[in-house]
Amino acid sequence: MPKTLRLTGDAEADKLLSDDPFALLAGMLLDQQVPMERAFAGPRLLADRLGGLDVHRVAEMDPDEFAAACAGPPAVHRFPGAMAKRLQALSRYLVERYDGRVDALWSDGSPDGAEVLRRLKDLPGFGEQKAKIFLALLGKQRDVRPAGWREAAGAYGEEGARRSIADVVDERTLQEVRAVKKQAKAAAKKG
């Protein structure tokens, strides 16, 4: 049984992420241009406003109503309008392709790590890096470990790494990941 995630510093938000694969996937989608813990707390904000976070309901909601729920206050993201559109596109894709079963991404047909990565990259709003990070998160913290998952996740799958949200298990590791990201950003500016 996978342990409770500790990604946000908020016990209720972390419980939702631990219990609901759609919430975890939505948090990953929101994880850009905002602090990691804020991105992954976004699904709880939406769940509180919507009376739950159901992939079918999000897919079917009126876009303006969903955008208003994302806008808050507080907003679920720095760019709530754009993220509302992305979350609805993700939800619609999941409903159309997987009947809303998020876990089907890694369970249907017993896929290996490369196939799970391919499925993740096919998701609206997910590119190569985001897909690899999410695959690493599944393997490291959700006990979803198809054959070859570490190789498919690349550097994000390395044991003991501190590269991404996949490596955050408490406040200390959050700060370590943040420091690694800061170093990488500084190195990119120099190079």
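My numbering applies: residue -5 is where the sequence shown begins, and numbers increase by one.
From the three backbone atoms N, C-alpha and C, an ideal C-beta is built for every residue, glycine too.
In this structure, the alpha-carbon of R80 lies about 11 angstroms from that of V52. In this structure, A108 and A146 form a Cβ contact; the two beta carbons are roughly 5 angstroms apart against a cut-off of 8 angstroms.
By the neighbour-count criterion, in which a residue is buried when 16 or more other Cβ atoms sit within 10 angstroms of its Cβ, A178 is exposed. About 12 angstroms separates the Cβ atoms of V171 and R0, ruling out a contact at the 8 angstroms cut-off. Here the region 91 to 109 makes contact with the region 131 to 140; the two share three or more CB pairs at distances below 8 angstroms.
A residue is called buried once 16 or more other Cβ atoms fall within 10 Å of its Cβ, and A41 is buried on that count. Apart from the 5 residues on each side of it in sequence, A160 sits with its Cβ closer than 6 angstroms to the Cβ of I127, A130, L131, K134, Y150 in its chain, given in chain order. With a cutoff of 7 angstroms on beta-carbon distance, A7 and A35 are scored as near each other.
Closest by C-alpha distance to T2, out of R38, G45, L88, is R38. Its chain contains F60, A61, C64 as the residues whose beta carbon lies nearer than 6 angstroms to that of A78, once the 5 sequence neighbours on both sides are disregarded; these appear in chain order.
Under a 10 Å Cβ-count criterion, S158 is classified as buried, with 16 or more other Cβ atoms of the shown protein chains found around its own Cβ. L18 has its alpha-carbon roughly 13 angstroms from the corresponding atom of F120.
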